[in-house]
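For the sequence shown, my numbering gives the first residue as 1, with consecutive numbering after it. Think of the CB as a built atom: it goes at the ideal place given N, C-alpha and C, for glycine as much as any other residue. No experiment lies behind these values; they were computed from the predicted model shown. I have placed the structure first, in the form of structure tokens, so that the comments after it can refer back to it.
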Amino acid sequence: MGSGGVSVTVDGTAATVTFWRPPENVFDRETVSALEARVREVARRRDIRLVALAARGEDFCNGTEILLPEGGQAEALFSAWHSLVRFLLTTEVPTCALVQGRALGAGAELALACDFVFAETTATFGFPEIHRGSFPPVASVLLERRTGRTKAADLILCGAAMTAEAAERRGLVNALVNPGDLVEALDTMRARLETLSASSLRLAKRALNQGSSGDPLSALSAVERTWTRELLRTEDAIEGIRAALEGRPPVWKDR
1 MGSGGVSVTV DGTAATVTFW RPPENVFDRE TVSALEARVR EVARRRDIRL
51 VALAARGEDF CNGTEILLPE GGQAEALFSA WHSLVRFLLT TEVPTCALVQ
101 GRALGAGAEL ALACDFVFAE TTATFGFPEI HRGSFPPVAS VLLERRTGRT
151 KAADLILCGA AMTAEAAERR GLVNALVNPG DLVEALDTMR ARLETLSASS
201 LRLAKRALNQ GSSGDPLSAL SAVERTWTRE LLRTEDAIEG IRAALEGRPP
251 VWKDR
């Protein structure tokens, strides 16, 4: 797996934070931490009305590194990832995900944590964690709020994939664009927001956060405890990780 990186470009009132970790944009802790740092940096600018998250390469993001819990690396990555998600859920600056290719696991969760999602027509979304004995903690909290219970169950419990067209129908994606047109979609959104008051926009975003049904942060805390204190202590969770690392089918013991 190649080394990752993060860059920032600013076009008027919109900042694009671009990440990469070739060949498949699988997050490690360093890339996640760098991504959060740069997002926080541009969100502090009072003239910024939109922060877009984009990725280099064929895919948006294919999840996070698969790590065994020993040694604390998995917990460190988990903590860094949820720190980024929590910031995206609470920042008062509108956020947008620009999705191409595959957005799996953490990649789909990153899109869920944003206010707007633009996806190429060839993009796919999914949560394959169940196939390795795990589940997606962030999606467990956020997905049902976007897609409804039945589709969320299909995606999380069965590990099903969803096309960009289906994601738009279910409310996960705001708009579909032809391959290569994500920047144009971002420019259109920037133009819509740049005539608005930056301070009023932030207050409106705060009100939107406050008015959301339920408390996703409290729910996320509960799911975090289930993932770290229960799931990672099961034999099947460890087997799923080992099987993925060894490139073999997992052998479940159902405990």
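Straight through space, the alpha carbons of Cys114 and Val85 are spaced by roughly 9 angstroms. In this chain, Phe27 is not harboured by any beta strand (DSSP E), its DSSP state being neither H nor E.
For Thr121, the three-state secondary structure derived from DSSP is coil.
With contacts defined by Cβ atoms closer than 7 angstroms, Gly133 and Gly105 do not form a contacting pair. About 4 angstroms separates the beta carbon of Val138 from that of Glu109, a gap short enough to meet the 8 angstroms contact definition. Inter-residue distance for Leu50 and Pro94 is about 5 angstroms (C-alpha atoms, whole angstroms). Here the stretch 217-233 makes contact with the stretch 139-155; the two share three or more CB pairs at distances below 8 angstroms. Taken through DSSP and simplified to helix, strand or coil, Arg102 comes out as strand. Of the residues Thr122, Arg202, Gly159, the one whose Cα lies closest to the Cα of Glu129 is Gly159.
Straight-line spacing of the CA atoms in Val251 and Ala15 works out to 46 angstroms. Judged by DSSP in its simplified three-state form, Thr228 adopts helix.
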